[in-house]
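Below is one structure, written out as structure tokens; the observations come after it.
In the working numbering, the protein residues as written are -4 to 239.
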């Protein structure tokens, strides 16, 4: 397949080529790691991403316009947390979380009647939370993380003319402690381990989660209408909004 054909196959897996809104929902857990400490399941995690594709004439690819919200859960009851160790929890409200998709050789593995698109995204950039200004909330003046995505789709995604196909996903993330956890420069960090699916519509997101979004930021039920930047992250959100 050419890079353009491969990009179109990935785009109909991740979203929809006709520009319709597509919602991914995921669930999983967050584990802590630290030197000489046992691994601990600190939180459950549940989230959603609402996306739309817009053709990008400049690159021959697409703009993936998205908002995403995600929530830290009690690891046993799976209830949405508002505090942790007497600290207010700052949930994920990323608006926007946009991405430019250009024709490139997306790593593809054939798995019988399925295919898997794999994306490995190492991240390193100056931290929005310098240690001198945020000694309790930041471990380093450089933010480092690793995002590992797998998107699974029917093998027919490589040949179909349909704008969208059903898909499931897995996501693993390695990151520093979250700013609101106030771990300072303590060695260690977090590993997120989640799985999810492309829903038929936003209405298929669990009712509890939809109600939480509707009561706080109802705009997250829809994708952005146009490109904007920079993207929001948990670190930039904390710098701008601080604690609830």
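Yeah, the Cβ is synthetic: ideal placement off N, Cα and C, and Gly gets one too.
Note that this is a predicted model, so its numbers are computed, not measured.
To the nearest angstrom, how far is it from the Cα of residue 39 to the Cα of residue 16?
-> 27 Å
inquiry  = Quick test of the definition: if touching needs 3 or more C-beta pairs under 8 Å, does the stretch 205 to 217 touch the stretch 78 to 96?
reply    = yes
Consult DSSP for residue 120 and reduce its assignment to one of helix, strand or coil. strand
*So residue 3 is in the beta strand (DSSP E); what residue range does that whole segment cover?*
First-last for residue 3: -2 to 9, but that is the alpha helix (DSSP H), not the beta strand (DSSP E).
- Roughly how many whole angstroms lie between the Cα atoms of residue 34 and residue 186? 10 Å
(Q) Per DSSP, what are the beta-bridge partners of residue 27 in this structure? (A) 35, 185
Measuring only the C-alpha atoms, how far is residue 225 from residue 120? 14 Å
Note to self: As an exercise, report each continuous beta strand (DSSP E) stretch of at least 3 residues that is fully enclosed by the stretch 36 to 97, in chain order.
What the structure shows: 56 to 68, 87 to 89, 94 to 96
Q. Buried or exposed: residue 107, going by 16 or more other Cβ atoms within 10 Å of its Cβ?
A. exposed
Problem - Which of helix, strand or coil DSSP assigns to residue 204 - result: helix
Check: Which stretch, first to last residue, makes up the beta strand (DSSP E) that contains residue 170?
Finding: 163 to 170
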